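The block underneath contains the structure these notes are about, expressed in structure tokens.
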Amino acid sequence: MPAGRLADLKTGLTRYNHRLSTLSTDEERMMTTAESTSAVNRHSLWLAILLFVLVAAPAVCAQWLNYPTPGIPRLPGGAPDLKAPAPRTSDGKPDFSGMWFANVPSKDYCREKDCIQEERMAREQINLGIKLKDGLPYTEWSKEQMKVRRANGGREDPHTYCMPPNFPRAWTLPQHTRIVQTPGMMVMLHEFNAAYREVYLDGRPLPVNPNPTWNGYSTGHWEGDTLVIETNGIRDDMWLDIQGSPITESARVTERLKRLNFGLLQVEIAVNDPKAYTRPWSVTVEMAVQVDTQMLEEICMDNEKDTRLYKK
Amino acid sequence: MTARLYLVVACVGVWLTVVPAASAHHSQSEYDLRAKLEVAGTVTKVEWKSPHVWVYVDVLDDKGRKVNWSFELPSPNTLMRRGWTRDSLKAGDGITVAGAPAKNFPAIGIATSIKDSSGKPLFTGTTQIYEP
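Protein sequence lines, in the order shown, are assigned to chains A and B.
Using the numbering used here, you'd call the opening residue of the first sequence number 55 and step up by one each time.
Using the numbering used here, you'd call the opening residue of the second sequence number 13 and step up by one each time.
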């Protein structure tokens, strides 16, 4: 429920309670019949509003999925002003803070028709190089890897059996990412498995010979209004998409983040991985800001039942 | 509600366009997406959990035997973002499910449509999405 409406109701209930407490017997005796009827009607109205708040509101506003995000630019009608300039932090840097999801058009017909499985998904979730004319430049090693990875129809995909959402793949997954930006660090929270990624903005160098991890080790620096994130230390057996495009320990990933306006975040993903690709390549994905909603945790191992269905 | 198995497995090529090639966390290749499946029965259990909601339905086959089918839906989060809740479907509800069967297991499927006993689709709509 909007804060303004809640405040109005609180004010009304306070007045109602005050009215009840000040109604002395003498006052009631002084009331005419008409006045009494009017008071009863007013009391009935407030009781009806109270009942609506207690009974109906929880059904309408489950969690905060429709709760207005405070402090964002809005149009006169109340909708977010997605074309407004990108916000800036107190030190003048572009502020990437907020919830983001791949900029995938919604399917309006789902509002009226039955389409359970019609999920909003980035095409890059299946093939990260889908917009490249010749696709990703796989090495022979990568091509052999992908044959093995696809042999069981996707059962070997780490995402299928609930392993962490690894960046840069995580940008394309059908769960939301929240960016929390501070002067010295950017944190990316991801709904899938309630995961996190740290990007250090304090000037430290990338680690030398790091212990490989799902997200690797990331540092960022500013080039004008673009945040350039460098990552190394990625595990040797990672997937970039559902079709099994590899990324390995030899990879150096450069992500260039630019907030085009309030509503859009452009993420250029450049991969230099000589083990998996014959040459460096880059793709750009666009993220749309998500407002008037909230992050919802998705713990995959809670009830994973798909891996049993694939052929072995 | 008395349940009845209606149709199982009819190859329809164009049906591939109804079900996408991937969902929230897997490729869906474990299902025969070319096959059309429709059953009617009574909900016995709903698992409203990640990564996918599962709905269990008692269905009578053509010999009158009760078979408990299990159907996969998207994640609870995806469904909630379209305005549905964990109470949208519950044990005892009479429903008709359309979908595709698992390739390697009986009585398991992925649901693409669920209608109540009056034929009204239960899972429609979406929450407000602002598109830049």
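Ideal placement from N, C-alpha and C gives every residue a C-beta, glycine not left out.
Just so it is clear, the structure is predicted and the values come from calculations on it, not from any experiment.
- Taking a C-beta cut-off of 9 Å against chain B, the contacting residues of the stretch 343–362 of chain A are Val343, Gln344, Val345, Asp346, Thr347, Leu350, Glu351, Glu352, Ile353, Cys354, Met355, Asp356, Asn357, Glu358, Lys359, Asp360, Thr361, Arg362, listed in chain order.
- Under the three-state reduction of DSSP output, A:Asn315 falls in the coil class, being neither helix nor strand.
- Put simply, the backbone Cα of A:Tyr215 is about 12 Å away from that of B:Ser39.
- Nearest to A:Trp225 by alpha-carbon distance, out of A:Thr267, A:Asn326, A:Phe155, A:Ala324, is A:Phe155.
- The residue among A:Asn265, A:Gly183, A:Gly152, A:Trp335 with its C-alpha nearest the C-alpha of A:Asp295 is A:Gly183.
- Within the stretch 57–77 of chain B, the residues whose Cβ lies closer than 8 Å to any Cβ of chain A are, in chain order, Glu59, Lys61, Ser62, Pro63, His64, Trp66.
- Annotation: B:Pro88 to B:Ser62 spans about 6 Å, alpha carbon to alpha carbon.
- Remark: C-beta atoms of B:Ile107 and B:Lys75 do not approach each other more closely than 8 Å.
- Counting only runs of 3+ residues, the beta strand (DSSP E) found wholly inside the stretch 64–144 of chain B occupies 66–72, 78–84, 106–113, 120–128, in chain order.
- Here B:Glu84 is buried: its Cβ has 16 or more other Cβ atoms, across all protein chains shown, within 10 Å.
- Nearest Cα to B:Asp44 within the set B:Lys78, B:Ser125, B:Pro133, B:Ala112: B:Ala112.
- Annotated as distal: B:Gly104 and B:Leu49, with beta-carbon spacing of 8 Å or more.
- Taking C-beta separations shorter than 8 Å and ignoring five residues to either side along the sequence, the partners of A:Thr143 in its chain run Asp149, Gln235, Pro237, following chain order.
- Where B:Lys57 is concerned, the enclosing beta strand (DSSP E) starts and stops at 47–59.
- Sequence-distant partners of A:Met292 (beyond 5 residues in either direction) whose C-beta falls short of 8 Å from its own C-beta, in its chain, are Pro212, Asn220, Arg223, Trp268, Pro300, Ile301, Thr302.
- Not a single CB atom of chain B sits nearer than 8 Å to the CB of A:Ile126.
- At a cut-off of 8 Å between beta carbons, B:Ile107 makes no contact with chain A.
- Residue pairing for A:Arg306: DSSP places it in a beta bridge opposite A:Asn326.
- Judged by DSSP in its simplified three-state form, A:Gln229 adopts coil rather than helix or strand.
- Between A:Gly152 and A:Ile283 a beta carbon distance of about 17 Å is seen, past the 8 Å cut, so the two are scored as non-contacting.
- Of the residues A:Asp279, A:Thr332, A:Val343, the one whose Cα lies closest to the Cα of A:Pro191 is A:Thr332.
- Only Ser41, Glu42, Tyr43 from the stretch 41–56 of chain B bring a Cβ to less than 9 Å from some Cβ of chain A.
- Here A:Leu319 is buried: its Cβ has 16 or more other Cβ atoms, across all protein chains shown, within 10 Å.
- The C-alpha of B:Ala123 is placed about 9 Å away from the C-alpha of B:Val67.
- Of the other Cβ atoms in all chains shown, 16 or more fall within 10 Å of the Cβ of A:Phe246; this residue is therefore buried.
- Those residues of the stretch 128–158 of chain A placed with their C-beta closer than 8 Å to a C-beta in chain B are Ala133, Pro134, Leu136, Lys137, Asn157, ordered along the chain.
- For A:Gln199, the uninterrupted alpha helix (DSSP H) segment begins and ends at 194–204.
- The criterion of a C-beta distance shorter than 8 Å is satisfied by A:Glu178 and A:Val337.
- The criterion of a C-beta distance shorter than 8 Å is satisfied by A:Ala248 and A:Glu351.
- Within the DSSP bridge table, the entry for A:Asn286 names A:Tyr271 as partners.
- Listed along chain B, the residues sitting closer than 8 Å to A:Glu245 by beta-carbon distance are Asn89.
- Interface annotation, A:Leu119: in contact with chain B, CB-CB separation under 8 Å.
- Under the three-state reduction of DSSP, A:Arg142 is assigned to strand.
- Spatial neighbours of B:Val109 in its own chain (CB-CB distance under 6 Å, excluding positions within 5 residues in sequence) are listed in chain order as Val51, Phe83, Ala123, Ile126.
- Our two residues, A:Ser196 and A:Gly298, have alpha carbons roughly 9 Å apart in a direct line.
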